[in-house]
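Just add 514 to wherever you are in the sequence shown, counting from 1, and you've got this note's numbering.
Single-structure report; data block below.
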Amino acid sequence: MEGEKVGRLILAPLFFTVVLMGFASGIGVNWGTQSTHPLGASTVVKMLKDNGIQKVKLFDADPSILDALKKSGIQVMVGIPNDMLYTLANSMQAAEKWVAKNVSSHMSSSGGVDIRYVAVGNEPFLSTYNGTFEATTLPALQNIQIALTKAKLNNRVKVTVPLNADVYQSSSDKPSDGDFRTDIHDLMIQIVKFLNDNGASFTVNIYPFISLYNDPNFPVDYAFFNGYQSSINDNGRVYDNVFDANHDTLVWALQKNGYPNLPIIVGEIGWPTDGDRNANLQYAQRFNQGFMSRYLAGKGTPMRPGPLDAYLFSWIDEDFKSIQPGNFERHWGLFYYDGQPKYQLTLGRTNGLVGASGVHHLAKKWCVLKPSANLNDDQVAPSVAYACQNADCTSLGYGTSCGNLDVRTNISYAFNSYFQVNDQIDSACKFPGLSVVTDQDPSVGDCKFRIMIQTDSAGRLESLRIVLFVFLFFTLL
Ligand SMILES: *[C@@H]1O[C@H](CO)[C@@H](O)[C@H](O)[C@H]1NC(C)=O
Ligand SMILES: *[C@@H]1O[C@H](CO)[C@@H](O)[C@H](O)[C@H]1NC(C)=O
Ligand SMILES: *[C@@H]1O[C@H](CO)[C@@H](O)[C@H](O)[C@H]1NC(C)=O
C-alpha cells in the first residue's frame with residue numbers, strides 16, 4: 515500500500531509532465547491553398563493561433579504565407595511540389611537556391627519563421643503517377659539535405675517525404691504481415707536508411723475514408739475509432755480500427771527491414787464532409803473527434819503505444835483542388851472556404867473550433883435558373899456543363915449535401931456556383947435566356963447556396979483608395 519502511494523506521488527509529476535509535453539507538441543494541421551478565393555494568410559494564422567495550433571504543414575513555400583507565420587510561434591513544415599523534383603534531383607545548384615530562397619531567407623533574422631521540416635515531394639509514389647517520380651525523389655531528398663547542411667541548418671531543419679499509405683501493404687488483414695510494396699521495395703529501403711541516417715522521420719498519410727470509398731464491402735465502423743465489434747487479433751495485439759492496423763503495418767515493414775525505431779509522422783489524417791455518400795458532417799465529426807480524443811490522451815497504436823505526431827487534413831476547404839481522385843477532394847476542411855467551422859471539435863486547449871474573423875462576403879445575391887426557363891431548351895445542358903467545369907458542382911452527386919435537389923434547383927446550384935466563383939460579376943449570370951440574379955436565398959435544408967468571400971486583391975484595394983481620396987479631397991475643399 516505504502517509503496518503504491520509513494521509510486522503514485524513520484525509518478526504524478528511525471529504524468530503531468532508527459533501530458534503537458536503532449537500539449538506542447540500539439541496537433542498539427544495541413545494548410546493547402548488550392549482555392550479560387552483563399553482567405554488572407556494573416557487571417558488564417560490568426561485562426562491557427564485562436565485554436566491553439568502549434569504546427570502547420572504547407573504544400574509549398576509561398577512567401578506571403580511564410581511572412582504571416584513569422585513570429586507566430588507556430589512550427590512549420592514547408593513543401594516541395596512533385597513537379598520540382600526532377601530539377602532538384604539533377605541540380606545541386608537548384609537545391610541550394612531552393613533552400614536559400616525558401617528556407618534560409620525566412621529563418622536568418624531573429625524572430626523569423628520556425629521552419630522545422632522540408633517535405634520533399636507529396637505522395638510521389640502513388641500508383642496513379644505510374645512511377646513518374648521514382649527516379650527523382652531520393653536524389654532530390656539527398657540534394658536538399660546537402661543544401662541544408664551547407665546552409666548550417668541541418669540541426670534545425672529536417673527533411674522527409676510525405677508518402678501515401680500504399681507504399682506498404684500486408685498480405686493478410688494482420689499488420690505483422692506488412693512490408694513495403696514489392697515494386698518499390700529497394701527504393702523504400704534506401705529512403706528509410708537515408709531518413710534514419712539523418713535523424714529524420716518517416717511521413718505517411720493514412721486515410722480510413724479512402725478504404726471505405728474504395729471498397730463498398732468495407733465495414734463502416736472499422737473506419738472509425740469506436741463501435742467495431744469484430745476486432746482483429748494479431749498475435750495478442752488487438753485491432754479495432756483501420757488506422758491502427760494501417761499504421762502498424764508500416765511499423766512492421768520498418769521493423770522487418772532493420773529500422774524498428776524510425777519515428778513516424780502522420781502527415782495527413784482526416785475525413786471529408788461532402789462530395790460522396792460517406793462524406794458528411796456526422797462521419798467527419800465522429801472520425802476527427804475519435805482521433806483527437808486518443809491523440810490528446812497520448813494514446814498511440816498497439817505497436818507504438820506512445821503519443822503520435824500528426825497533422826490533420828485539412829484546415830480549410832479548397833474549391834480548386836483536382837477532383838480526379840473524387841468529388842470529396844474539395845471538402846476536407848475543418849472549416850468552410852470562408853473560415854467558418856463545420857462542426858464542433860475539441861482540438862485541445864479550446865472547446866470547439868474558433869472561426870475566422872474579419873471575413874467579408876459578397877452581396878446577398880445568387881444566380882438561379884429563370885422560373886420561365888424551359889428545361890428542354892438545348893442550351894441547358896451545355897450551360898450546366900460549362901458552369902460545373904469552371905466552378906464547383908461537387909455537392910450535387912448522389913448522397914451529397916445537395917444530392918436531393920429537384921432538376922430546376924440543381925441547375926440553379928450550378929449557375930450560382932459559377933456566379934460566385936466569378937465574384938458575382940453581371941456577365942457570370944448570363945446563361946443564354948436561362949438565368950437571373952435574385953436576392954432570395956435558394957438554399958434548401960442542408961444544401962447551401964454559398965456566397966463567395968471578398969479577397970484582398972490589389973485591384974479592389976486600389977479602387978477603394980481612389981474613392982477615399984476623392985472623398986477626402988472634396989471634404990477638405
Ligand atoms: C521557392 O518556393 C516557391 C513556392 O513553392 C517556388 O515557386 C520557387 O520556385 C522556389 N524558389 C526556388 C529558388 O526554387
Ligand atoms: C498512367 O497510365 C495510365 C494508363 O496507361 C494513363 O491513363 C495515365 O494518364 C497515366 N498517368 C500519368 C500521371 O502518367
Ligand atoms: C444535378 O446536377 C449534377 C451535375 O450537373 C448531375 O450530375 C445530376 O445528375 C443532377 N441531378 C438531377 C436530379 O438533376
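We put the beta carbon where it would ideally sit given N, CA and C, even for glycine.
For Ser949, the beta-bridge partners assigned by DSSP are Leu883.
Setting aside the 5 residues that flank it on each side, Leu883 is surrounded in the same chain by Arg922, Ile925, Ser926, Phe929, Leu948 and Ser949, each with a C-beta closer than 7 angstroms to its C-beta; the list follows chain order.
CA-to-CA, the gap between Met591 and Ile783 works out to about 16 angstroms. The Cβ atoms of Asp906 and Ser931 sit closer than 8 angstroms to each other. Linking Thr650 to Lys707 through their CA atoms gives a straight-line distance of about 17 angstroms.
Contact annotation, Pro816 with Asp762: C-beta distance approximately 6 angstroms; criterion of less than 8 angstroms satisfied.
For Leu948, the distance from the CB to the nearest heavy atom of ligand 3 is not below 7 angstroms.
DSSP places Met591 in the strand class (E or B) of the three-state scheme. Under the three-state reduction of DSSP, Glu782 is assigned to strand. The Cβ-Cβ distance between Asp788 and Ser957 does not fall below 8 angstroms.
Within the same chain, and ignoring the five residues on either side of Val558 in sequence, no residue has its Cβ closer than 6 angstroms to its Cβ.
By alpha-carbon distance to Gly542, the top candidate from Asp680, Val780, Arg818 and Pro552 is Val780. Here Ile629 is not near Ala679, since their CB atoms are 8 angstroms or more apart. Secondary structure within the region 836 to 862: not one fully enclosed beta strand (DSSP E) run of 3 or more consecutive residues is present. Secondary structure of Pro577 (DSSP, three-state): helix. DSSP places Gln803 inside the alpha helix (DSSP H), whose first and last residues are Leu795 to Leu810. Counting only runs that start and end inside the region 625 to 693, the alpha helix (DSSP H) elements of at least 4 residues fall at 651 to 664. Taking C-beta atoms as the reference points, Ser828 and Gly847 count as a pair closer than 8 angstroms. Following the DSSP letters along the chain, one finds Asn775 in no alpha helix (DSSP H), marked with neither H nor E.
The region 930 to 945 makes contact with the region 961 to 971, as at least three CB pairs between them are under 8 angstroms. Rounded to whole angstroms, the Cβ separation of Ala824 and Tyr809 is 6 angstroms, and the two are in contact under 8 angstroms.
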